[in-house]
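Inspection log for the structure reproduced underneath, given as structure tokens.
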Amino acid sequence: MNRRLGWTLALLATITYSTNTPIGRGAILAGLDPVTLLAARFALAGFLFGATLGVTSVGTARSGQQPLDRRGFWIALASGMLNGVMIACIFIALTRVSASVNSMITIALIPAFTLLLLAWRGEPLTARNLVRLGIGLAGLYLLIGVGGRVDPWGVLLLVVGSALYAIHMVSVQWFLRPYNTWMITTLIVVGAGVVLACMWLARGADTYVPGWFGWTAILFQGVVATYLGRMMTYNAIKIIGSGQFTLLAPLETLLTIVWSVL
25 MNRRLGWTLA LLATITYSTN TPIGRGAILA GLDPVTLLAA RFALAGFLFG
75 ATLGVTSVGT ARSGQQPLDR RGFWIALASG MLNGVMIACI FIALTRVSAS
125 VNSMITIALI PAFTLLLLAW RGEPLTARNL VRLGIGLAGL YLLIGVGGRV
175 DPWGVLLLVV GSALYAIHMV SVQWFLRPYN TWMITTLIVV GAGVVLACMW
225 LARGADTYVP GWFGWTAILF QGVVATYLGR MMTYNAIKII GSGQFTLLAP
275 LETLLTIVWS VL
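Position in the sequence shown counted from 1, then plus 24, gives you my numbering.
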């Protein structure tokens, strides 16, 4: 596969993901419950993926792709459910920490967890990657260790979310590469959506949406950050791997801070 295409998709996905935190934080501050936002976002994305598979043949296994079997189905669904818990942790943390702090903590931790999981499976940790990890963790210490002004429960949610995100990413690389990307992505989104819908119901099924901004946030995050972003992400992982993808995290942090300031 063309690695240039993989890096292009990874870059575009990173740009779309960088809008998640500032838009989500803005909607939450406007009164939108974080789990309501996520449940609506994934319901919309799930509908779009289902409609795409229903009216096109993109979900059919192509030459060189393994037809979806029971093992792939359950792994994709379980990975999606992990992803649902992960994103709920990160968005609920937005009620306790700012968008920029949220992004800086997760971006420091996600590459660390991902590369450690890959090393556990036998992939080498290069000197360059170790330096990147050291810089990221040092920045994290300066952010929450010396300053000490960051909400500890918010940080805990971000640590859990970052660990789950890393597990989700490497599971896609390790177990789901042989399958059709459209089908796997749809199952992941459905798995995440089921978890988020259950959380939404358990939290009282809040339906309040703060006007046009709330609906715009749901629409943008459902279409751009989930439907388009997920397709670009999983195609990129197939080509360049999850470890390389997560090393674009500093760019996501930078863009998140820029969007937050704007």
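Quick reminder that beta carbons are idealized off the backbone N, C-alpha and C, glycines included.
Query - When W236, G83, L154, L180 are compared against L211, the one with the closest alpha-carbon - result: Working through the sequence shown from its first residue, we reach residue 211 at position 187. Comparing Cα-Cα distances from L211 to each of W236, G83, L154, L180, the minimum goes to G83.
Query - Member of I116, I134, R27, L33 whose CA lies at the smallest distance from the CA of A273 - result: Your numbering for residue 273 matches position 249 in the sequence shown. Cα-wise, what sits closest to A273 is I134.
Query raised in the report: Rounded C-beta distance between G74 and L200? I'm assuming under 8 Å.
Result: The residue labelled residue 74 in the question sits at position 50 within the sequence shown. The residue labelled residue 200 in the question sits at position 176 within the sequence shown. Actually they do not touch by this definition, with Cβ atoms about 19 Å apart.
Query raised in the report: On the three-state DSSP scale, how would you describe Q90?
Result: Within the sequence shown, residue 90 is the residue found at index 66, counting from 1. In this structure, Q90 counts as strand in the three-state DSSP scheme.
Query raised in the report: Taking the alpha helix (DSSP H) that R49 falls in, what are its first and last residues?
Result: Locating residue 49 in the sequence shown gives position 25, where the first residue counts as 1. Segment 44-53, the alpha helix (DSSP H) holding R49.
Report task. Would you identify the three-state DSSP class for Y232, choosing helix, strand or coil? Result -> Counting from 1 along the sequence shown, the entry for residue 232 is found at position 208. Coil.
Report task. Tell me the start and end of each unbroken alpha helix (DSSP H) in the segment 174-218 that is at least 4 residues and wholly inside, in chain order. Result -> Counting only runs of 4 or more, we get 176-199.
Report task. Give the straight-line distance between the Cα atoms of G104 and V218, rounded to the nearest whole angstrom. Result -> The sequence position of residue 104 within the sequence shown is 80, counting from 1. The sequence position of residue 218 within the sequence shown is 194, counting from 1. The alpha-carbon atoms of G104 and V218 are separated by roughly 9 Å.
Query raised in the report: Measuring CB to CB, does L62 end up less than 7 Å from L220?
Result: By 1-based counting over the sequence shown, the position of residue 62 is 38. By 1-based counting over the sequence shown, the position of residue 220 is 196. The answer is yes: Cβ separation under 7 Å.
Query raised in the report: If you follow the alpha helix (DSSP H) that N259 is part of, which residue opens it and which one closes it?
Result: Start at 1 with the first residue of the sequence shown, and residue 259 comes out as number 235. It spans 253-264 - the alpha helix (DSSP H) in which N259 sits, taken as one unbroken run.
Query raised in the report: Is S127 helix, strand or coil when you go by DSSP?
Result: As a position in the sequence shown, residue 127 is number 103, starting the count at 1. Looking at S127 - three-state DSSP - the assignment turns out to be helix.
Requested in this report: Take the Cβ of P22 as the centre, count every other Cβ of all protein chains shown within 10 Å, and call the residue buried at 16 or more, exposed below.
Outcome: Within the shown structure, residues of the chain are numbered from 25 to 286, placing residue 22 beyond reach of any answer.
**Report entry** Beta-carbon gap between T45 and T280 smaller than 7 Å
**Finding:** Residue mapping note: residue 45 aligns to position 21 of the sequence shown, counting from 1. Residue mapping note: residue 280 aligns to position 256 of the sequence shown, counting from 1. Contact flag set, yes.
**Report entry** Whole-angstrom C-beta distance between F137 and S81, which should lie under 8 Å
**Finding:** Mapped onto the sequence shown, residue 81 falls at position 57. Mapped onto the sequence shown, residue 137 falls at position 113. No, S81 and F137 are not in contact; Cβ-Cβ is about 37 Å, not under 8 Å.
Query raised in the report: Span of the alpha helix (DSSP H) holding R28?
Result: On the sequence shown, position 4 is the one that residue 28 refers to. That run of the alpha helix (DSSP H) goes 27-41.
Query raised in the report: Which two residues bound the contiguous alpha helix (DSSP H) that contains V282?
Result: Within the sequence shown, the letter at position 258 stands for residue 282. For V282, the enclosing alpha helix (DSSP H) stretches over residues 273-285.
Query raised in the report: What is the DSSP secondary structure of R227, reduced to helix, strand or coil?
Result: Start at 1 with the first residue of the sequence shown, and residue 227 comes out as number 203. In this structure, R227 counts as coil in the three-state DSSP scheme.
Query raised in the report: Whose C-beta lies closer than 8 Å to the C-beta of A216 among residues of the same chain, with five residues either side of it excluded?
Result: Within the sequence shown, residue 216 is the residue found at index 192, counting from 1. The residues F66, G104, M105, N107, G108, I111, in chain order, have a CB closer than 8 Å to that of A216 in the same chain once the five nearest residues on each side in sequence are set aside.
**Report entry** Status (buried if at least 16 other CB within 10 Å, exposed otherwise) for L92
**Finding:** The residue you call residue 92 lines up with position 68 of the sequence shown. Flag for L92 reads buried.
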